[in-house]
Amino acid sequence: MDKLIEKAKKIKLVITDIDGVWTNGIMYYTNDGDFMKAFSTYDGMGTYILKQIDIPTAIITGEASQMVLKRAEKLKLEDVFIGVMDKLAVFEQLLEKYGLMPEETAYIGDDINDAEVMSVAGLTACPPNSPALGILKPDFITERRGGEGAFREFAELIISAQQAL
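Just so you know, we're using our numbering here: the sequence shown kicks off at -8 and counts up by one.
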């Protein structure tokens, strides 16, 4: 746990996937082909409390969903990347934008398309219902499942470590 806290103390940017982290990974389709997702309000509050200690949240998701843009707009998140195939390239853009080293970033994801970023981010996490835990080997596995506050739990870990400085 001490190693986890030491990593969390260095974090200056939190990056998150959406599907399987902020959602439970299920999409509901209508007869017309429209779809819906449910987002936990706990995760939205996680971004708010990170902002209170000057840690921005960035979203990088493979799904090109307008719902993600709407959710991010409501939360006033400025770094939102949807429909991303090369998450590592976007990660590197964020490092450059904020002038950070990889060890100053935290990343929470849940599937194999998160593996490249998780191999270089300073602190990594997955929800316990991730289908790729064995591949991703995160530093931290949240108790809360994707769509049930996993991001918020990860945010609180970082906030708790930073307030212990």
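Every residue gets a Cβ at the ideal spot worked out from N, C-alpha and C, and that includes glycine.
Looking only at its chain, what residues have a beta carbon closer than 8 Å to the beta carbon of residue i, apart from the 5 residues adjacent to it on each side?
i: Arg136; result: Asn15, Pro118, Pro119 and Asn120
i: Ala(-1); result: Ala97, Leu114, Leu148, Ile149, Ser151, Ala152 and Gln153
i: Val75; result: Ile51, Thr52, Gly53 and Val81
i: Tyr39; result: Leu66
Is the separation between the beta-carbon of residue i and that of residue j shorter than 8 Å?
i: Gly113; j: Ile44; result: no
i: Gly90; j: Leu66; result: no
i: Val59; j: Ile9; result: yes
i: Leu(-5); j: Phe131; result: yes
i: Asp23; j: Pro47; result: no
Using only CA atoms, which one of the options lies nearest to residue i?
i: Gly125; options: Ala80, Asp25, Gly100 and Glu144; result: Gly100
i: Leu173; options: Ile6, Gly140 and Glu54; result: Beyond the ends of the chain as shown, which are -8 and 156, falls residue 173; an answer cannot be given.
i: Lys61; options: Lys28, Lys42, Gln84 and Met92; result: Lys28
i: Asp102; options: Gly74, Thr52 and Val59; result: Thr52
i: Leu68; options: Thr133, Gly37, Val75 and Glu83; result: Gly37
i: Cys57; options: Asp25, Pro129 and Asp(-7); result: Strictly speaking, residue 57 in this sequence is Gln, with Cys absent from that position. Of the listed residues, the one whose Cα sits closest to Gln57 is Asp25.
So, for residue i: in the same chain, excluding its five sequence neighbours on each side, which residues have a beta-carbon less than 7 Å away from its beta-carbon?
i: Ala106; result: Ile126 and Leu127
i: Gly140; result: Ser31, Tyr33 and Asp34
i: Pro93; result: Leu86, Val111, Ala112 and Gly113
i: Glu159; result: A question about residue 159 goes unanswered here, because the residues of the chain that appear run from -8 up to 156.
i: Asn104; result: Gly53 and Lys78
Per DSSP, residue i is paired with what?
i: Ile6; result: Ala49 and Tyr98
i: Trp26; result: Residue identity differs from the one stated: residue 26 is Phe in this sequence, not Trp. Phe26 is bridged to Tyr20.
i: Asp70; result: Ala49
i: Ala116; result: Ile99 and Phe131
Does the beta-carbon of residue i have 16 or more other beta-carbons within 10 angstroms, so that it is buried, or is it exposed?
i: Pro122; result: exposed
i: Phe145; result: buried
i: Gly11; result: buried
i: Ala49; result: buried
i: Ala63; result: buried
i: Thr21; result: exposed
i: Gly138; result: buried
How about residue i: is its Cβ closer than 7 Å to a heavy atom in the ligand NAP?
i: Ala123; result: Ligands displayed in this structure: none; no statement on the ligand NAP is therefore possible.
Quick one: residues in its chain with C-beta nearer than 6 Å to the C-beta of residue i, no 5 flanking neighbours on either side, listed in chain order?
i: Tyr98; result: Ile6, Val108, Met109, Ala112 and Thr115
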